[in-house]
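Residue numbers (this note's numbering), protein chains in the order written: chain A, 3 to 162; chain B, 3 to 162; chain C, 3 to 162.
Worksheet for the structure shown next.
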Amino acid sequence: MPLWKIYHPAGAYTDDDKNAFSKSITSLYELVPIPKFYVVCVFEEMPAGTIYVGGERHDQFVRIRVDQIARTMPGQIVREWWVSQLERVIGPWVKDRGYDWEISVDETPFDLWSLQGEIPPPFESIAEKRWVAENKALSYGQAEKLPASMNGLTLPGMTG
Amino acid sequence: MPLWKIYHPAGAYTDDDKNAFSKSITSLYELVPIPKFYVVCVFEEMPAGTIYVGGERHDQFVRIRVDQIARTMPGQIVREWWVSQLERVIGPWVKDRGYDWEISVDETPFDLWSLQGEIPPPFESIAEKRWVAENKALSYGQAEKLPASMNGLTLPGMTG
Amino acid sequence: MPLWKIYHPAGAYTDDDKNAFSKSITSLYELVPIPKFYVVCVFEEMPAGTIYVGGERHDQFVRIRVDQIARTMPGQIVREWWVSQLERVIGPWVKDRGYDWEISVDETPFDLWSLQGEIPPPFESIAEKRWVAENKALSYGQAEKLPASMNGLTLPGMTG
Numbered sequence: 003m004p005l006w007k008i009y010h011p012a013g014a015y016t017d018d019d020k021n022a023f024s025k026s027i028t029s030l031y032e033l034v035p036i037p038k039f040y041v042v043c044v045f046e047e048m049p050a051g052t053i054y055v056g057g058e059r060h061d062q063f064v065r066i067r068v069d070q071i072a073r074t075m076p077g078q079i080v081r082e083w084w085v086s087q088l089e090r091v092i093g094p095w096v097k098d099r100g101y102d103w104e105i106s107v108d109e110t111p112f113d114l115w116s117l118q119g120e121i122p123p124p125f126e127s128i129a130e131k132r133w134v135a136e137n138k139a140l141s142y143g144q145a146e147k148l149p150a151s152m153n154g155l156t157l158p159g160m161t162g
Numbered sequence: 003m004p005l006w007k008i009y010h011p012a013g014a015y016t017d018d019d020k021n022a023f024s025k026s027i028t029s030l031y032e033l034v035p036i037p038k039f040y041v042v043c044v045f046e047e048m049p050a051g052t053i054y055v056g057g058e059r060h061d062q063f064v065r066i067r068v069d070q071i072a073r074t075m076p077g078q079i080v081r082e083w084w085v086s087q088l089e090r091v092i093g094p095w096v097k098d099r100g101y102d103w104e105i106s107v108d109e110t111p112f113d114l115w116s117l118q119g120e121i122p123p124p125f126e127s128i129a130e131k132r133w134v135a136e137n138k139a140l141s142y143g144q145a146e147k148l149p150a151s152m153n154g155l156t157l158p159g160m161t162g
Numbered sequence: 003m004p005l006w007k008i009y010h011p012a013g014a015y016t017d018d019d020k021n022a023f024s025k026s027i028t029s030l031y032e033l034v035p036i037p038k039f040y041v042v043c044v045f046e047e048m049p050a051g052t053i054y055v056g057g058e059r060h061d062q063f064v065r066i067r068v069d070q071i072a073r074t075m076p077g078q079i080v081r082e083w084w085v086s087q088l089e090r091v092i093g094p095w096v097k098d099r100g101y102d103w104e105i106s107v108d109e110t111p112f113d114l115w116s117l118q119g120e121i122p123p124p125f126e127s128i129a130e131k132r133w134v135a136e137n138k139a140l141s142y143g144q145a146e147k148l149p150a151s152m153n154g155l156t157l158p159g160m161t162g
């Protein structure tokens, strides 16, 4: 997670394009940051005559569908900003290439997900920092599920 | 949105079939109404030996999976009616052709979605009426996010 | 439902493999039990150069994405157990074959789903038992929507 499905016209992207496109998508999530290897892009080449928009065949259309983890984009401001970031990243591959396009994001449960047989550690946890640093799934213990930073967990006036 | 993924046996539908099928799907949403170009159908031709039902290979099976916007189908009566409408639309392409079939709808967030770089206007808004009329994504201002009709926003006995 | 989408490298699985893999997945849901024919597996063969993980092309990656019905996996204990069961079932087809892999489950609405034109009966209902026994979609009446067993519907001390 995230999982990007990119339905694109046959021949729209070379292997080099797909590499660069997926790197650009990945860099967006590195801002968060989450482990780079969480970001999976599946390019699905659609033959002519397989995509219809508003009941009309459309052979120059790119449809992107993303699965992200639920509750990681809280609040209207962050969500609008995120959509603008998605558009910034995909723009060079859709608009600038003369394709029509649409993108939508679904939000799926955190706790029904695993990677290489490991349940991913909580966001911002000590274990996740290690996954980010080593860029692969690693075993971790209970203590590493704790937040890497206690910032934001205490309130002014708390004494303990 | 909506996004229809139609997994079908290789050779099940000609280009003319796909055109007619997608027109029929689109007409269902025109009842709402939403802009026609919101309706995207992706036909995915599955080679023999790629679909298994209950652990048995099934080469005459059509599986349809739809993404719709969450909270636009409120209440049990509307939702049951909607399923019956889906069945009415797909019937000629599945049952009447001798295929087995299944359809399911997922509901995804309204606010993580964009089209041609534009965040779609609120349902029933002034801007959406313009999108319906011109059948394409257009820039719009804050004032056009208001409902096109104030019907239903006032209650009997309200004085202001 | 459930719907399993299995994105796998071209040539990873023979028809016999896919048959055995889908039987193994189906057996997991028979534990619940739900009708066997609810379990649909779609094997999607991805050509080299179509999957990118963390911005790097990865031709030995299996990505599995499952749709299940919302609210059927209640509570943290059951959900963790379920992920472990998924891993147990897929292990021989991914880890043991030397592939990298990831699996995630989405939860979709029960009431926007139909099979062969029939809205599936409530879980654990009399009608569902009949669907399990006959392993196909059948018409059913209002009375068959009742639970097959009243166990768990009464509490100690209830007198009626």
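Glycine included, C-beta positions come from ideal geometry on N, C-alpha and C.
By alpha-carbon positions, which one of the options ends up nearest to residue i?
i: residue 60 of chain A; options: A:66, A:51, A:68; result: A:51
i: residue 72 of chain B; options: B:110, B:37, B:41, B:35; result: B:110
i: residue 25 of chain A; options: C:37, C:20, C:19, C:53; result: C:53
i: residue 131 of chain C; options: C:97, C:68, C:69, C:34; result: C:34
i: residue 39 of chain B; options: B:28, B:20, B:142; result: B:28
i: residue 137 of chain C; options: C:36, C:98, C:68; result: C:36
i: residue 249 of chain A; options: A:23, A:16, A:18; result: Because residue 249 of chain A is not part of the residues shown, which for chain A are 3 to 162, the question remains open.
i: residue 5 of chain B; options: B:107, B:82, B:18, B:68; result: B:68
i: residue 82 of chain A; options: A:98, A:21, A:95, A:106; result: A:106
i: residue 58 of chain A; options: B:96, B:87, B:43; result: B:43
i: residue 18 of chain C; options: C:95, C:77, C:134, C:152; result: C:95
Which same chain residues end up closer than 8 Å to residue i when comparing Cβ atoms and leaving out the 5 residues on each side of it in sequence?
i: residue 55 of chain C; result: 63, 102
i: residue 47 of chain A; result: 10, 11, 12, 13, 14
i: residue 115 of chain C; result: 3, 71, 121, 122
i: residue 100 of chain C; result: 62
i: residue 97 of chain C; result: 103
In terms of residue numbering, what span does the beta strand (DSSP E) encompassing residue i cover?
i: residue 36 of chain A; result: From DSSP, residue 36 of chain A is part of no beta strand (DSSP E); its letter is neither H nor E.
i: residue 120 of chain C; result: Segment: none, residue 120 of chain C is in no beta strand (DSSP E) and carries neither H nor E.
i: residue 70 of chain B; result: 63 to 71
i: residue 103 of chain B; result: 102 to 110
Near residue i, what residues of its chain come up, given a Cβ to Cβ distance below 7 Å and the 5 sequence neighbours on each side ignored?
i: residue 127 of chain C; result: 146, 147, 148, 149, 150
i: residue 118 of chain B; result: 139
i: residue 88 of chain C; result: 105
i: residue 49 of chain A; result: 12
Going along the chain, which residues of its own chain have a beta-carbon closer than 6 Å to the beta-carbon of residue i, five neighbours each way excluded?
i: residue 65 of chain A; result: 9, 104
i: residue 31 of chain B; result: 41
i: residue 120 of chain C; result: 139
i: residue 92 of chain C; result: none
i: residue 182 of chain B; result: Lying outside 3 to 162, the shown extent of chain B, residue 182 of chain B is not represented and no answer is given.
i: residue 84 of chain B; result: 75
i: residue 124 of chain B; result: 147
i: residue 142 of chain C; result: 123, 129
i: residue 45 of chain A; result: 8, 20
i: residue 144 of chain A; result: none
i: residue 108 of chain B; result: 69
Give the range of the alpha helix (DSSP H) segment to which residue i is assigned.
i: residue 131 of chain B; result: 128 to 136
i: residue 146 of chain C; result: Run containing residue 146 of chain C: none; DSSP gives neither H nor E here.
i: residue 80 of chain C; result: 78 to 92
Please decide whether residue i counts as near chain D, where near means a Cβ-Cβ distance under 8 Å.
i: residue 114 of chain A; result: Given the protein chain composition of this structure (A, B and C), no chain D is represented.
Positions along the stretch 74 to 89 of chain B whose CB lies within less than 8 Å of some CB in chain C: Near chain C, meaning a CB-to-CB distance below 8 Å, the residues of the stretch 74 to 89 of chain B are 75, 78, 81, 82, 84, 85, 88, 89.
What are the residues in the stretch 30 to 63 of chain A lying within 8 Å of chain C by C-beta distance? 37, 38, 39, 40, 41, 42, 43, 44, 45, 46, 47
Just by C-beta distance, which residues in the stretch 117 to 133 of chain C are closer than 8 Å to chain B? Those residues of the stretch 117 to 133 of chain C that come within reach of chain B (Cβ to Cβ, closer than 8 Å) are 117, 118, 119, 121.
Taking beta-carbon pairs under 8 Å, can you tell me which members of the stretch 95 to 106 of chain A lie near chain B? 97, 102, 103, 104, 105, 106
Any beta strand (DSSP E) of 3 or more consecutive residues that is wholly inside the stretch 4 to 54 of chain B: 5 to 11, 42 to 48
Can you give me, in chain order, the residues of the stretch 17 to 29 of chain A that have a beta carbon less than 7 Å from any beta carbon in chain C? 17, 20, 21, 24, 25, 28
Could you please tell me which residues of the stretch 3 to 18 of chain C, in chain order, have their CB closer than 7 Å to any CB of chain A? 9
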